[in-house]
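Engineer: Below are the C-alpha cells for one structure; questions will follow.
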Amino acid sequence: MTATISLEELNEQSALLDRVDRKYLIKTSDLPVIWNNLDDCSRVLDINGLTWFGYHSVYYDTPELDCYADAGIGRRRRLKVRTRAYLSSDEHWLEVKTRGPRGTTIKDRLARTGDSGSLSSAERHWIGQTLLFRGITHAPVETLQPTVTTDYSRRTIQICPADAPVSRLTIDVGLTCSTPDDNAESVSFDEYTIVETKGSPRPSRADRQLWTMGHRPLRVSKFGIGVALLNPELPDYKWHRIIKHEFAA
Numbered sequence: 001m002t003a004t005i006s007l008e009e010l011n012e013q014s015a016l017l018d019r020v021d022r023k024y025l026i027k028t029s030d031l032p033v034i035w036n037n038l039d040d041c042s043r044v045l046d047i048n049g050l051t052w053f054g055y056h057s058v059y060y061d062t063p064e065l066d067c068y069a070d071a072g073i074g075r076r077r078r079l080k081v082r083t084r085a086y087l088s089s090d091e092h093w094l095e096v097k098t099r100g101p102r103g104t105t106i107k108d109r110l111a112r113t114g115d116s117g118s119l120s121s122a123e124r125h126w127i128g129q130t131l132l133f134r135g136i137t138h139a140p141v142e143t144l145q146p147t148v149t150t151d152y153s154r155r156t157i158q159i160c161p162a163d164a165p166v167s168r169l170t171i172d173v174g175l176t177c178s179t180p181d182d183n184a185e186s187v188s189f190d191e192y193t194i195v196e197t198k199g200s201p202r203p204s205r206a207d208r209q210l211w212t213m214g215h216r217p218l219r220v221s222k223f224g225i226g227v228a229l230l231n232p233e234l235p236d237y238k239w240h241r242i243i244k245h246e247f248a249a
C-alpha cells in the first residue's frame, strides 16, 4: 500500500467526529501481516513526507476519578475530557468525547494555544456548554484535573471502498501512560499495538479483514488502562480481562 492522502483531504472526506469505534489489541510483531492485508482502496495520511506522527494527550478527571468509574461501569452518560498535542504539526486541541445513539462516539473539539496541562476558565466554560448540548447536566467541570498522560506514534489510513462508507483505520505503537506529576510513574506497551477502526455502525472492510486474521474487538481504553495500571489499588472494571491476561507479563 503506497497511496497517500493529505490532512486536508482526510478531514474533508472522513472527519468522522460522530462514529462507531472498534478497538483491537495485537502484537506489534504482527503489524506486517496487517499491512499485507490492506487493499488498494486504502490511503495513508502523509504530512510533509511523514506517515507516523507523535501524539501527546492529557486526560482529566475529578479527584474521585468519577470519569474513570463511569467509563469502567459503562454508564450511558459518561464523558471523557482530554487535551491533545499533534507533535509533528504543533497543533493543540481540547476534546470532549461523549456517547451518541446506537453506540456511536461523538467528539467535540476546541483549538488551543500551547500545551499547558491546566484548563483555563474559558476552556472549562466551553466543556460545560458542550456537555449541556450533549445532554449531560451537573458535570463536575470545575474539579477536573490532569490524571494520566499518554504518548505514542500513530499512522492513520483512510479506507474508501466503492461499495461501503468511508472509514478510518489508526495504528498506535509505542504507547506509554504516565502520571502527570513531577515524580511521574509510567507503564509502557511496546509489545502491543492498538488498532482502531472508525466508521459507521456497519463493520468496515478493515474490521472484516481483522476478523479473518483472528482478531476481535476488545474493551481497550488508553485512559482506562493507564489509570488502572498506574493505580493498582483501584478496581479495574471492564478492563480486568485485558489487564490480567494481555498485560500480565
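Residues 1 to 249 in full-length UniProt numbering are what the sequence shown spells out, letter by letter.
We treat Cβ as the ideally placed atom computed from N, Cα and C, and that holds for glycine.
Please read these numbers as outputs of a predicted model, since none were measured by experiment.
1. Straight-line CA distance for D21 to L38?
2. Taking C-beta to C-beta, are R155 and V44 nearer than 8 Å?
3. The alpha helix (DSSP H) that contains S186, what's its start and end?
4. Quick check for students: name the residue ranges of the beta strand (DSSP E) that lie wholly in the segment 68-99, counting only runs of 3 or more.
5. Pick helix, strand or coil for D46, following the three-state DSSP scheme.
6. Express the C-alpha separation of E9 and P111 in angstroms, rounding to a whole number.
7. So, is W211 buried or exposed, given that buried needs 16 or more other C-beta atoms within 10 angstroms?
8. Could you check whether V58 and P201 sit closer than 8 Å to each other, using their CB atoms as the reference points?
9. With a CB to CB cut of under 6 Å and the five nearest residues on each side skipped, what residues in its chain are close to K222?
10. Just the Cα atoms here: how many angstroms apart are R75 and G214?
11. Beta-carbon within less than 6 Å of W126's beta-carbon, same chain only, minus the 5 sequence neighbours each way: which residues are those?
12. Around the C-beta of V33, are 16 or more other C-beta atoms found within 10 angstroms, so that it is buried, or is it exposed?
13. Below 8 Å on the Cβ atoms is my contact criterion, and I expect Y24 with V187 to pass it. Report the Cβ-Cβ distance as a whole number of Å.
14. Touch check for the segment 132-146 and the segment 62-73: three-plus C-beta pairs under 8 Å?
Structural biologist: Short version:
1. Straight across, the Cα-Cα distance linking D21 with L38 is about 18 Å.
2. Between R155 and V44, the C-beta gap is smaller than 8 Å, which places the two residues in contact.
3. For S186, there is no enclosing alpha helix (DSSP H); the residue is found in the beta strand (DSSP E) stretching over S186 to S188.
4. Scanning the segment 68-99 for uninterrupted beta strand (DSSP E) segments of 3 residues or longer gives 79-86 and 91-99, listed from N- to C-terminal end.
5. If DSSP states are grouped into helix, strand and coil, D46 belongs with coil.
6. Sequence inspection shows Ala at residue 111; the Pro mentioned does not correspond to that position. In a straight line, the C-alpha of A111 is about 19 Å away from that of E9.
7. So W211 counts as exposed.
8. Result no, Cβ atoms of P201 and V58 do not sit closer than 8 Å.
9. Hits under 6 Å: T150.
10. Answer to the nearest angstrom: the Cα atoms are 29 Å apart.
11. Around W126, the same chain offers L110 as residues with beta carbons nearer than 6 Å, after the five sequence neighbours per side are excluded.
12. Exposed, since its Cβ has fewer than 16 Cβ neighbours within 10 Å.
13. Cβ atoms of Y24 and V187 stay farther apart than 8 Å, at about 20 Å.
14. Three or more pairs of CB atoms, one per stretch, sit closer than 8 Å, so the segment 132-146 contacts the segment 62-73.
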